[in-house]
Amino acid sequence: MINIDVRTLFLFSAAANIFIIALFATYIKLYKVKNPIINIFMLSRVLGIFFLIMLSTRESVPKPIGIILNTTINLFIVFYEVYCISYIERKFNSKHFKKYILIPTFLSILLIFYSTASISSRITIMSLNVSIIYAFSAYILLTKKGKTKIQYLTGYIFTLASILLLVRAIGAQLEVSVALFSTSYMLVIPLIFFLILNLIIPLLLIFILKEKDNLKLSELNKSKDKFFSIIAHDLRGPLGGLQQIGELLWLNNISDEKRDQLTKSLYQNSKLTFNLLDNLLKWANTNAGLIIYKPYKLNFREIVLNNVRLFNSQVKLKNIKLSCNFEKDLFVYADYDMVDTVIRNLISNAIKFTPINGKIDIIIDKIDVAQNTCTIAIIDNGIGITKETLLKVFEINSIVSTFGTNKEKGTGLGLKLCKEFLTINKGNIKIESHLEKGTKVYLTLPIEFS
Numbered sequence: 001m002i003n004i005d006v007r008t009l010f011l012f013s014a015a016a017n018i019f020i021i022a023l024f025a026t027y028i029k030l031y032k033v034k035n036p037i038i039n040i041f042m043l044s045r046v047l048g049i050f051f052l053i054m055l056s057t058r059e060s061v062p063k064p065i066g067i068i069l070n071t072t073i074n075l076f077i078v079f080y081e082v083y084c085i086s087y088i089e090r091k092f093n094s095k096h097f098k099k100y101i102l103i104p105t106f107l108s109i110l111l112i113f114y115s116t117a118s119i120s121s122r123i124t125i126m127s128l129n130v131s132i133i134y135a136f137s138a139y140i141l142l143t144k145k146g147k148t149k150i151q152y153l154t155g156y157i158f159t160l161a162s163i164l165l166l167v168r169a170i171g172a173q174l175e176v177s178v179a180l181f182s183t184s185y186m187l188v189i190p191l192i193f194f195l196i197l198n199l200i201i202p203l204l205l206i207f208i209l210k211e212k213d214n215l216k217l218s219e220l221n222k223s224k225d226k227f228f229s230i231i232a233h234d235l236r237g238p239l240g241g242l243q244q245i246g247e248l249l250w251l252n253n254i255s256d257e258k259r260d261q262l263t264k265s266l267y268q269n270s271k272l273t274f275n276l277l278d279n280l281l282k283w284a285n286t287n288a289g290l291i292i293y294k295p296y297k298l299n300f301r302e303i304v305l306n307n308v309r310l311f312n313s314q315v316k317l318k319n320i321k322l323s324c325n326f327e328k329d330l331f332v333y334a335d336y337d338m339v340d341t342v343i344r345n346l347i348s349n350a351i352k353f354t355p356i357n358g359k360i361d362i363i364i365d366k367i368d369v370a371q372n373t374c375t376i377a378i379i380d381n382g383i384g385i386t387k388e389t390l391l392k393v394f395e396i397n398s399i400v401s402t403f404g405t406n407k408e409k410g411t412g413l414g415l416k417l418c419k420e421f422l423t424i425n426k427g428n429i430k431i432e433s434h435l436e437k438g439t440k441v442y443l444t445l446p447i448e449f450s
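First residue of the sequence shown: 1, per UniProt numbering; consecutive thereafter.
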């Protein structure tokens with residue numbers, strides 16, 4: 001027998017939970033964490049305090065009500081915590097969460113039928129149910145791919161917890177006259193382990209969060225290194241071209257016709273280099289947090305018309321019909337510089353990949369009053385984009401080098417920048433394209449009613 005005051009253990013564990021909640025609140029504030037799973041975990045800790053206090057003062061609550069409340073709360077606490085540990089790497093999905101919450105709900109309903117049973121039977125059934133939840137979580141942590149080392153370690157800890165709770169269930173069945181606060185080894189050791197685990201789980205969760213962040217940071221750095229190496233490679237082409245053109249122009253023994261051709265190439269190369277560097281600088285500044293998001297009410301129609309006028313000379317060179325078919329002003333709530341950059345890049349792409357005598361239309365595709373958004377479409381009858389390229393255009397570690405109808409080279413950086421800026425502005429971008437039939441680019445932004 002173990003001579004230990006179990007009620008004191010419960011109260012000590014309740015006090016520890018208050019400290020844990022404060023620790024997580026500090027963690028959320030310092031690291032600006034916005035993860036619903038962390039909120040679920042903190043809810044489990046609040047319920048845990050309530051549960052442990054009820055256990056230590058259970059005589060003050062009517063027996064059937066107290067038993068039902070205790071067992072139900074305990075099952076949901078355990079489920080919330082193992083769910084957080086098991087699925088922390090997932091983007092939170094309420095449907096997924098509701099689907100799995102059926103497990104503690106079913107077990108809680110099952111336990112109601114044992115609320116008037118003997119203490120021995122109740123301890124047995126409760127221990128078995130919690131053991132099932134831990135075993136289920138251990139299975140997920142040890143068999144599913146993509147888990148971190150700490151999650152695997154947690155899987156083994158949960159396996160041990162499941163086994164010990166199974167031992168507690170057997171111990172309750174073997175005892176002739178068992179009490180809730182029995183001092184039997186088979187009952188107390190699993191209980192102490194359970195209370196210790198209650199203190200360890202928050203630390204495991206924080207370590208898993210940090211491990212996930214480090215892995216994401218490492219992958220992001222690798223992607224960025226690859227991204228910049230590709231950009232550097234693509235910059236060598238136009239810069240080398242500029243150097244060669246400069247050398248040829250410096251020579252005096254070239255014809256006027258050749259000089260005109262070189263001057264045109266100089267203009268095209270310098271423009272390509274400037275656009276590439278401009279987009280690269282903006283993209284780098286955005287990722288470094290140097291571009292500040294300042295949204296306010298914007299006349300989207302004016303932004304589009306200003307950019308249409310900006311490309312007037314390029315449109316004339318290719319005899320393209322570029323039109324903005326907005327019948328009236330359209331107001332959006334967004335950052336002016338970011339939206340202006342997005343429109344400029346998308347019109348530039350459309351002109352680049354539209355042949356001579358082609359057509360580009362900018363239209364309002366949809367206004368969704370319920371979602372408070374508008375969708376604008378930029379439609380061209382250009383050369384189109386292959387399905388393989390479409391899958392890669394927004395990936396950071398993939399630069400797709402393509403040529404326009406006048407052999408203008410593109411890297412796809414502009415589209416990545418558009419995606420980044422639209423995401424910051426709570427918008428979205430989608431592309432539909434068919435080879436030799438043209439491309440439709442849809443961009444969505446929050447609307448502001450005039």
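Just so it is clear, CB atoms sit at the ideal spot from N, CA and C, and this is done for glycine as well.
Exposed or buried, which one is A22 when buried takes at least 16 other CB atoms within 10 Å? Per the 10 Å Cβ criterion, exposed.
Among the residues of its own chain, which have a CB less than 7 Å from the CB of T154, if the five just before and after it don't count? The residues are I85, L141, L204.
From I73, Q151, E395, residue whose alpha carbon lies closest to that of L107: Closest option to L107, Cα to Cα, is I73.
State buried or exposed for A172, treating a residue as buried only when at least 16 other CB atoms are found within 10 Å of its CB. With a 10 Å radius around the Cβ and a threshold of 16 neighbouring Cβ atoms, A172 comes out buried.
Name the residue from K321, L391, P295, I431 whose alpha carbon lies nearest to the alpha carbon of L346. By alpha-carbon distance to L346, the top candidate from K321, L391, P295, I431 is I431.
Can the beta-carbon of L128 be found closer than 8 Å to that of P104? No, the Cβ-Cβ distance between L128 and P104 is not below 8 Å.
Within the region 331 to 374, note down every full beta strand (DSSP E) run reaching 3 residues or more, in order along the chain. Correct list: 331 to 335, 359 to 368.
Going by Cα to Cα distance, which pick from T148, N428, T143 is closest to F207? Nearest C-alpha to F207: T148.
Can at least three beta-carbon pairs, one atom from the region 312 to 325 and one from the region 337 to 346, be found at a separation below 8 Å? Result no; under three Cβ-Cβ pairs closer than 8 Å.
Relative to the alpha-carbon of V339, which residue among F326, E302, D365 has its alpha-carbon at the smallest distance? Of F326, E302, D365, the residue nearest in Cα terms is E302.
Is it buried or exposed for T57, if we count other Cβ within 10 angstroms and need 16 for buried? Taking all protein chains shown into account, T57 has fewer than 16 neighbouring C-beta atoms within 10 Å of its C-beta and is therefore exposed.
From the DSSP output, in three-state form, read off V441 for me. Correct three-state label for V441: strand.
In chain order, what residues of the same chain have a beta carbon less than 7 Å from the beta carbon of T386, not counting five sequence neighbours either side? Short of 7 Å from the beta carbon of T386, and not among the five residues preceding or following it, lie these beta carbons of its own chain, in chain order: L435.
For my contact list, D380 and T341 are in at a C-beta cut-off of 8 Å; report their separation, rounded to the angstrom. Rounded, the Cβ-Cβ distance is 19 Å, inconsistent with contact.
Within this structure, are the beta carbons of L52 and A25 separated by less than 8 Å? A25 is positioned such that its CB atom lies no closer than 8 Å to that of L52.
Given a cut-off of 8 Å on the beta-carbon distance, is the pair Y333 and E448 in contact? Closer than 8 Å, so yes.
Between the CA atoms of I49 and T8 - distance to the nearest angstrom: Taking the Cα positions, T8 is about 13 Å away from I49.
Quick check on the DSSP output: the beta strand (DSSP E) that includes K297 runs from which residue to which? Its beta strand (DSSP E) spans residues 295 to 299.
If you drop the 5 nearest sequence neighbours on each side, which residues of the same chain put their C-beta closer than 6 Å to that of I362? Cβ within range, chain order: V304, C324, I378.
Straight-line CA distance for A179 to R122? The pLDDT assigned to A179 is 48, lower than 50, so where the model puts this residue is not dependable, and the model offers no usable value.
Pull up the distance between the alpha-carbon of T423 and that of L30, whole angstroms please. Cα to Cα, the separation comes out at about 24 Å.
So V130 and V78 are in contact, right, with Cβ under 8 Å, and what is the actual spacing, rounded? V130 to V78, Cβ: 5 Å. Contact.
Three-state secondary structure (DSSP) of N428: DSSP places N428 within a strand segment (E or B) once states are collapsed to three.
For T263 and I360, I'd like the C-alpha separation in whole angstroms. Approximately 28 Å, taken between the alpha carbons.
So K125 and Y80 are supposed to be a Cβ contact under 8 Å. How far apart are they, rounded? In the sequence under discussion, the amino acid at residue 125 is Ile, which differs from the Lys named in the question. About 20 Å separates the beta carbons of I125 and Y80, which is beyond the 8 Å limit, so they are not a contact pair.
Measuring alpha carbon to alpha carbon, tell me which residue in F97, I109, T116 is nearest P64. Ranking the options by Cα distance to P64, first place goes to T116.
Which residues DSSP lists as bridging A377, in chain order: A377 is bridged to I363, Y442.
Could you spell out where the alpha helix (DSSP H) holding S255 opens and where it closes? Annotation: S255 is outside any alpha helix (DSSP H) and is labelled neither H nor E by DSSP.
How many whole angstroms separate the CB atoms of I88 and K212, which I take to be in contact at a CB cut-off of 8 Å? Indeed they touch by this definition, with Cβ atoms about 7 Å apart.
Option in I20, Y336, S270, L310 with minimal Cα separation from N198: Nearest option by C-alpha distance: I20.
Residues of its chain near M54, where Cβ-Cβ distance is below 8 Å and the 5 sequence neighbours each way are ignored: Same-chain partners within the cutoff: V61, G66, L69, N70, I73.
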